[in-house]
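Residue numbers for the sequence shown follow this note's numbering, beginning at 6 and rising by one. Data first, discussion second: the structure below is written as structure tokens.
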Amino acid sequence: YRYHVRATDAAGNLSGYSSIVNGTTQSVTAGTETIYLSQTGAGTGASCTSPRSAAWFNTASNWTTGTVADGLIGPGDTVRLCGTITTDLTFQADGMSSNYVTVDGTGATMSARFIAGSLRSYGRIQNVTWSVNTASNLFHCLGCDNFIFTGNTADGWQGSDGVFLEDDRTTQLPHDITISNNYIRTGTGNYGDVQKDIIKCAGCTFVTIEGNYLEQRIQGEPPGVNSHNDLIQTFQWGNGCCGSLGPVSEV
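Rendered as structure tokens:
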């Protein structure tokens, strides 16, 4: 930009124009970025040698709705996991239909779960490997929508329901979820009178399940009422939350 100015005194008299000055506005870096994350990292997030922490991921003020490279997690960004993550990771904001927020676990290990709460949208969880002693879900979608769970591995997993898609009882059925190309195999132990489904769909709608290897090896504890362990289970809570169900397709 080029500009010049004039001054005015108390009586309203104008001065002459100043010399022309050149100015440049501060640039804003647009686009996506990769932020690295470890369990207890205290760095800038620039690499696995300077990662952010799991607690940082779980803090809403570290997320944004903008698509600029600002060091915050936002639409189009990728969070790369480093080392072993032992606490739950909860999505704090949404991606966009053309710019998902992606968590990539390539080379790392997870022993906790991912959580996406009510109305949370456009997230992707990919290439995550869970340790066999994981005691929780792999992914709990509580009324979320437009999430992709793909390319993940949980071999010998011993937790509760693996991918749990659950309506939030008041607002929304989880919908438009894709579960694809995962390898999920339970352990072989006897877990007693409990229910451990690999994919549980409680009031979910418009779900695609394709290209997965799912193997249920758990031994139940008959004649218990809960010890039926399914590869895929679908049902709706009795409170009739949020409308009728749509299709769940398995390929």
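The beta-carbon is built from N, C-alpha and C at its ideal position, and this holds for glycine as well.
Taking 3 residues as the shortest admissible run, the region 145–191 contains the following complete beta strand (DSSP E) segments, listed from N- to C-terminal end: 150–155, 158–162, 168–171, 180–185, 188–191. Annotation: Phe119 is outside any alpha helix (DSSP H); the continuous beta strand (DSSP E) that includes it extends over 119–121. Of all alpha-carbon atoms in Ile120, Ile203, Ile25, Tyr105, the one lying nearest the alpha-carbon of Arg7 is that of Ile25.
When C-alpha distances from Arg85 are compared across Ala98, Ala65, Gly79, Thr107, the shortest belongs to Thr107.
Counting every other CB atom within 10 Å of its CB across the protein chains shown gives Tyr218 a total below 16, marking it as exposed.
Just so you know, the alpha carbons of Trp61 and Ile90 end up roughly 13 angstroms apart. By a beta-carbon distance limit of 8 angstroms, Ile204 does not contact Ile223. Their separation comes to about 14 angstroms.
Counting along the chain, Ala59 sits inside the alpha helix (DSSP H) bounded by residues 59–62. With a cut-off of 8 angstroms on Cβ pairs, the region 128–143 is in contact with the region 89–105, counting three or more such pairs. Beta-carbon to beta-carbon, Arg190 and Asp166 are separated by about 15 angstroms, too far to satisfy the 8 angstroms threshold. When C-alpha distances from Asn27 are compared across Glu38, Val10, Leu124, the shortest belongs to Val10. For the 8 angstroms CB-CB criterion, Gln44 and Gly88 form a contact. The three-state reading of DSSP puts Ser66 in helix, counting H, G and I together.
In the DSSP assignment, the residues bridged to Asp109 are Arg85, Gln131. Phe154 and Asp181 have their C-alpha atoms spaced approximately 11 angstroms apart.
For Val73, no beta strand (DSSP E) run applies, since DSSP gives it neither H nor E. Residues of the same chain with a CB within less than 8 angstroms of the CB of Gly17, apart from the 5 flanking positions on each side, do not exist. DSSP, read as helix, strand or coil, puts Arg7 in strand. Per the DSSP secondary-structure output, Gln224 pairs in a beta bridge with Asn195. Boundaries of the beta strand (DSSP E) around Gln238: 237–240.
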